[in-house]
Amino acid sequence: MSYIKSAALEETGFVILDRYDQAADPEEWNDLEYVDWKSSGDTRFAPLASAKGEIEVNGFWNHEPPRTDKNGVWIPSQVERAPRLTARAQEPGTNIGRCRVIELQPNSYSDTLYNLHQDDNNRLNPDGSGWIVRGFFNLTDDGESFLTLREDRFNPATEIRIALPAGSQVIVDTQRFWHAVWHKGPQPRYSLITSWESGPALDAYIAKHNGSSEHENAFLDPVVIDEAQAGVHRRLAERSAVIAGQGRAETVPFDD
Ligand SMILES: [Fe+2]
């Protein structure tokens, strides 16, 4: 057996949908309740659906009983404040796990490379069911910021940088890609992130919104890339030294 995956994501691991008219909607993300939660960068989260319908954002596998990133429980007080965001997350009609708005403070390209991680969405997901991928809807207008993906964590040649203007909609296999957002600021960035189960419903949604993997990176000076990459190797070496000094084991970063 193997997982059911979307053909649209098979080759490239991501798909960009038509841009949504974000400006026509109220800024519901400003009305939500946020919790402090450190994830690649200086972040807070406002869950719409969580493991048990509480305002917390831990991975479902960290709850009792542990389970995979499906069957998220909608949080009435949050859904009430963000009916449009909820409807957009539900539009594909596929199973939803975690659904939340992330708030990310501005960072640097070097921070982004340091923050690269893979998600663990498919932990405990039974073989034969739909592979869990994630939708990223940018809510604020961050056209100079980039969802940064790498197939190989340390190889800049594999890097994909997708710009994040308001209304940009991208679906990513975040367990396949190392990823993080380079947010230039100056204001925080808000994005709706939803865990969706792959299958015919998600495929139909991708087709309806003209999903495409065609993409060209905006130019980024190779000198900037090299310097940031060297900085990351330095920071990681320093981190390893601290961890070794404490007698702890090194862990690979992933999103929990
Ligand atoms: Fe992630």
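Remember, the numbering used here sits 7 above the position in the sequence shown when you count from 1. Where a beta carbon is used, it is the ideal one built from N, C-alpha and C, also for glycine. Computed from a predicted structure; not experimentally measured.
Inter-segment contact for the region 65-85 and the region 168-180 is absent: fewer than three beta-carbon pairs are separated by less than 8 Å. Following the DSSP letters along the chain, one finds residue 229 inside the alpha helix (DSSP H) bounded by residues 229-252. Distances from the CB of residue 186 to the heavy atoms of ligand 1 include at least one below 8 Å. With a cut-off of 8 Å, the C-beta of residue 126 is classified as near ligand 1, since at least one heavy atom of the ligand falls inside that distance. Looking at the backbone, the Cα of residue 74 and that of residue 228 are separated by about 43 Å. Residue 85 counts as buried, since no fewer than 16 other beta carbons sit within 10 angstroms of its beta carbon. Three or more Cβ pairs closer than 8 Å define a contact, and the region 115-128 meets that threshold against the region 154-162.
The way I'd put it, the region 184-200 doesn't touch the region 227-241; fewer than three beta-carbon pairs between them come closer than 8 Å. By the neighbour-count criterion, in which a residue is buried when 16 or more other Cβ atoms sit within 10 angstroms of its Cβ, residue 165 is exposed. Residue nearest to residue 110 within the set 139, 203 and 147 is 147 (criterion: CA-CA distance).
Taking 9 Å as the cut-off, the beta carbon of residue 204 is found closer than this to the beta carbon of residue 102. Here residue 35 is buried. Its C-beta has 16 or more other C-beta atoms within 10 Å.
In the DSSP assignment, residue 111 falls within the beta strand (DSSP E) that extends over 103-111.
The secondary-structure analysis by DSSP pairs residue 138 with nothing; it has no beta-bridge partner. Assigned with DSSP and collapsed to three states, residue 91 falls in helix.
Taking the Cβ atoms as the reference, residue 134 lies roughly 7 Å from residue 9, within the contact range of under 8 Å.
Here residue 52 really is in contact with residue 107; their C-beta atoms are around 5 Å apart, less than 8 Å. Between residue 202 and residue 76, the gap from beta carbon to beta carbon is short of 9 Å.
Here residue 19 has 220 as same chain residues with Cβ atoms under 7 Å from its own Cβ, once five neighbours each way along the sequence are excluded. One Cα belongs to residue 167, the other to residue 124, and the distance between them is close to 14 Å. By the Cβ-count criterion, residue 66 is buried, with 16 or more other Cβ atoms from all chains shown falling within 10 Å of its own Cβ. Scanning its chain for C-beta atoms nearer than 7 Å, with the 5 sequence neighbours on each side dropped, one finds around residue 212 the residues 98 and 99, in chain order. Residue 137 places its beta carbon 9 Å or farther from that of residue 24.
Per DSSP, the unbroken beta strand (DSSP E) holding residue 54 starts and ends at 50-57. In terms of Cβ geometry, residue 179 and residue 21 form a close pair [threshold 9 Å]. By DSSP's assignment, residue 187 forms a beta bridge with 155. For residue 119, the uninterrupted alpha helix (DSSP H) segment begins and ends at 116-122.
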